[in-house]
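Student: The sequence shown begins at 1 in the UniProt record's numbering and counts up one residue at a time. Each residue gets a CB set at the ideal place from its N, CA and C atoms; glycine is no exception. Structure provided below as structure tokens; questions to follow.
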Amino acid sequence: MFQDLQDYASENYIVLQPDYILTDFEQAAICAVKQEFINSQSRLCLFHLGQSMWRKVQSVGLSIKYGEDEEFSLLVRHLLALAFLPPEEIPSAFDEIKKLLEIESGTENLIMWFEDNYVLGRVRKTLRNGNVIRGLPLFSPELWSVFNQNIPRTQNNIEAWHRRWECLVGESHVGVYHLIK
């Protein structure tokens with residue numbers, strides 16, 4: 001898709017040099033941005049981080065607790081609030097939230113999932129002295145932190161436009177011929 005966009009721009013003498021490209025949490029999109037827009041920075045949508053977190057809360061069986069326990073739901077939302085910190089401060093702030101979440105029963109999978117995918121990366125090896133060697137997180141804090149960003153935090157306005165368009169036209173993925181008809 002990005003290659004087609006670049007080709008179209010070249011054919012029409014348009015120079016595409018965006019500072020940032022906002023996507024959802026898909027590795028293919030992140031890699032495509034790196035490949036096709038070498039000088040652009042990939043940024044990830046805060047709304048989609050929240051959606052992903054909510055799906056995880058549900059999949060580990062914590063949605064009822066989240067809905068009924070105000071303190072617990074606030075703690076979980078603290079994870080999403082990490083996005084408002086500078087990326088370099090996120091790991092230490094996560095450790096503080098982790099300590100509070102560990103007190104709650106059944107949160108181990110949620111904590112490990114967030115830690116592995118969004119903050120520190122998966123544990124690859126535990127050394128004899130207890131230290132751990134980690135891989136990189138799937139989505140590093142630099143990608144999803146919205147601290148000091150002068151870009152939209154979400155791409156919801158685009159998604160809302162598409163929903164309205166589908167309602168107006170009556171279906172998605174409509175061809176030009178169908179629109180003219």
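(1) Kindly identify the DSSP beta-bridge partner or partners of LEU133.
(2) Within 10 Å of its beta-carbon, does VAL15 have 16 or more other beta-carbons around it, so buried, or fewer, so exposed?
(3) At what residues does the alpha helix (DSSP H) containing TYR118 begin and finish?
(4) Using CA atoms only, rank isn't needed, just tell me which of TYR13, GLU11, MET1 is closest to THR23.
(5) If you draw a straight line from the C-alpha of GLU96 to the C-alpha of SER52, how long is it?
(6) Quick one: give me the first and last residue of the alpha helix (DSSP H) that SER52 is part of.
(7) From the DSSP secondary-structure annotation, give me the bridge partner or partners of ILE21.
(8) In angstroms, rounded to a whole number, what distance separates the CA positions of LYS56 and TYR13?
(9) Helix, strand or coil for TYR13 per DSSP?
(10) Is it right to say SER145 is buried, meaning 16 or more other beta carbons lie within 10 angstroms of its own, or is it exposed?
(11) With distance defined between alpha-carbon atoms, name the residue in PRO137, GLY170, ARG134, LEU79 nearest to LEU46.
(12) Excluding the 5 residues flanking TYR20 on each side, which residues of the same chain have their C-beta closer than 7 Å to its C-beta?
(13) Note down, in chain order, each residue of its chain lying with its Cβ closer than 7 Å to the Cβ of PHE84, except the 5 sequence neighbours on either side.
(14) So, under 8 Å CB-CB, VAL60 and GLY121 are touching, yes? Tell me the CB distance rounded to an integer number of Å.
(15) For PHE25 and PHE139, which I take to be in contact (beta-carbon distance under 8 Å), what is that distance rounded to the nearest angstrom?
(16) What residues in its chain sit with their C-beta under 6 Å from that of ALA32, if we drop five residues either side in the sequence?
(17) Can you name, in chain order, every residue of its own chain whose Cβ lies under 6 Å from the Cβ of LEU100, other than the five neighbours on each side?
(18) Once you ignore the five residues that flank SER63 on each side, which residues in its own chain have a CB closer than 7 Å to its CB?
Tutor: In short, the structure shows the following:
(1) The sequence given here places Ile at residue 133; Leu does not occur at that position. In DSSP, ILE133 forms a bridge with LYS125.
(2) exposed
(3) Run containing TYR118: none; DSSP gives neither H nor E here.
(4) For THR23, the nearest C-alpha among the options comes from MET1.
(5) A direct Cα-to-Cα measurement between GLU96 and SER52 gives close to 21 Å.
(6) Unbroken alpha helix (DSSP H) run through SER52: 46-59.
(7) SER42
(8) 45 Å
(9) Three-state DSSP puts TYR13 in coil, outside helix and strand.
(10) buried
(11) Ranking PRO137, GLY170, ARG134, LEU79 by CA distance to the CA of LEU46 puts LEU79 first.
(12) SER40, GLN41, ARG43, ILE151
(13) These residues qualify, in order along the chain: VAL146, PHE147.
(14) VAL60 to GLY121, Cβ: 20 Å. No contact.
(15) 6 Å
(16) PHE2
(17) LEU75
(18) VAL57
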